[in-house]
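Colleague: Chains X and U, in that order, are what the protein sequence lines are. Numbering follows my numbering, in which position 106 of the first sequence is assigned residue number 123; successive positions increment by one, without gaps. Numbering follows my numbering, in which position 96 of the second sequence is assigned residue number 97; successive positions increment by one, without gaps. Even glycine gets a Cβ: it sits at the ideal position worked out from N, Cα and C. This structure is a prediction, so every number in the text was calculated from the model and none was measured.
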Amino acid sequence: NAGVTQTPKFRVLKTGQSMTLLCAQDMNHEYMYWYRQDPGMGLRLIHYSVGEGTTAKGEVPDGYNVSRLKKQNFLLGLESAAPSQTSVYFCASSYSLTYNEQFFGPGTRLTVL
Amino acid sequence: GENVEQHPSTLSVQEGDSAVIKCTYSDSASNYFPWYKQELGKRPQLIIDIRSNVGEKKDQRIAVTLNKTAKHFSLHITETQPEDSAVYFCAARGLSGGYNKLIFGAGTRLAVHP
Chain X
18 NAGVTQTPKF RVLKTGQSMT LLCAQDMNHE YMYWYRQDPG MGLRLIHYSV GEGTTAKGEV
78 PDGYNVSRLK KQNFLLGLES AAPSQTSVYF CASSYSLTYN EQFFGPGTRL TVL
Chain U
2 GENVEQHPST LSVQEGDSAV IKCTYSDSAS NYFPWYKQEL GKRPQLIIDI RSNVGEKKDQ
62 RIAVTLNKTA KHFSLHITET QPEDSAVYFC AARGLSGGYN KLIFGAGTRL AVHP
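(1) What three-state label does DSSP hand Asp18 of chain U in the structure shown?
(2) Which of the three DSSP states is assigned to Glu47 of chain X in this structure?
(3) Mind checking Gly42 of chain U: buried by the 16 CB within 10 Å criterion, or exposed?
(4) The beta strand (DSSP E) with Lys58 of chain U in it runs from where to where?
(5) What did DSSP end up calling Pro78 of chain X once you bin it into helix, strand or coil?
(6) At least one CB of chain C closer than 7 Å to the CB of Ala107 of chain U: is that the case?
(7) In the structure shown, what three-state DSSP assignment does Pro100 of chain X receive?
(8) Pick from U:Gln61, U:Val5, U:Val55, U:Asn54: whose alpha carbon is nearest that of Ile78 of chain U?
(9) Report the neighbours of Tyr33 of chain U on chain X: residues whose CB is nearer than 7 Å to its CB, in chain order.
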């Protein structure tokens with residue numbers, strides 16, 4: 018049981034490049050989330066999904082897109098990376114509204130030059 | 002929009018002392034308040050949570066209290082140990098749209114000195 022996994026762990030991009038971050042969970046969770054973590058700002062929700070085929074915007078969605086084609090996977094895309102998107106990205110999942118604990122992945126450190 | 006404020010941003014204590022971290026939330030409909038601990042370079046992990054129908058919850062050396070009227074909740078760590086050194090995040094579940102969204106505070110960096 019791997020829990021929540023993320024790939025890649027580290028990535029360096031140049032401004033304007035694109036990339037996709039992959040999150041996978043093997044706990045059969047309905048809900049999945051993407052956060053970014055910046056110093057002094059805690060965890061801010063980018064996008065989330067309440068089930069396969071659904072996505073919704075969080076607090077800071079601009080510049081990102083997501084897809085949830087399979088229940089176990091949640092992809093975060095950057096179409097044209099900007100230095101302001103340099104951050105640590107965490108994926109999380111939770112079972113349902115009733116069982117609230119969110120389980121986090123190990124994070125992806127992204128640097129945009 | 003929903004907001005969670007957390008204080009202090011940094012906290013330094015001597016081993017064996019108590020530590021208290023406080024959070025306030027804006028959404029009066031929030032009904033779930035977890036606390037996460039994040040060690041350096043690691044992922045956040047849940048350490049304790051409380052629901053709005055409970056005023057206090059304890060788990061060994063940690064406890065959380067909730068004051069719904071004032072819309073604030075606190076984390077209490079007693080008999081602190083060096084391994085308690087980490088960043089702690091409070092959160093409140095926002096019910097906007099009925100979904101399980103957590104709004105996080107900015108974090109408190111706790112340093113426990115031997």
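Modeller: For this structure:
(1) For the purposes of this step, residue 18 of chain U is identified with residue 17 of the second sequence, where counting begins at 1. In the three-state DSSP reduction, Asp18 of chain U falls in the coil class, being neither helix nor strand.
(2) Position 30 of the first sequence, counted from the start, is the residue given in the question as residue 47 of chain X. Looking at Glu47 of chain X - three-state DSSP - the assignment turns out to be coil, as it is neither helix nor strand.
(3) Within the second sequence, residue 42 of chain U is the residue found at index 41, counting from 1. Gly42 of chain U counts as exposed, since fewer than 16 other C-beta atoms from the protein chains shown sit within 10 angstroms of its C-beta.
(4) By one-based count along the second sequence, residue 58 of chain U stands at place 57. Taken as a continuous stretch (DSSP letters only), the beta strand (DSSP E) holding Lys58 of chain U covers 57 to 60.
(5) Indexing the first sequence from 1 puts residue 78 of chain X at position 61. Pro78 of chain X: coil per DSSP, three-state reduction.
(6) As a matter of chain content, chain C is missing from the structure shown, whose protein chains are X and U.
(7) Locating residue 100 of chain X in the first sequence gives position 83, counting from the first residue. Pro100 of chain X: helix per DSSP, three-state reduction.
(8) Here residue 78 of chain U refers to the residue found at position 77 of the second sequence. Taking only the C-alpha atoms, the option nearest Ile78 of chain U is U:Gln61.
(9) For the purposes of this step, residue 33 of chain U is identified with residue 32 of the second sequence, where counting begins at 1. Chain-order list of chain X residues neighbouring Tyr33 of chain U: Asn117, by C-beta distance under 7 Å.
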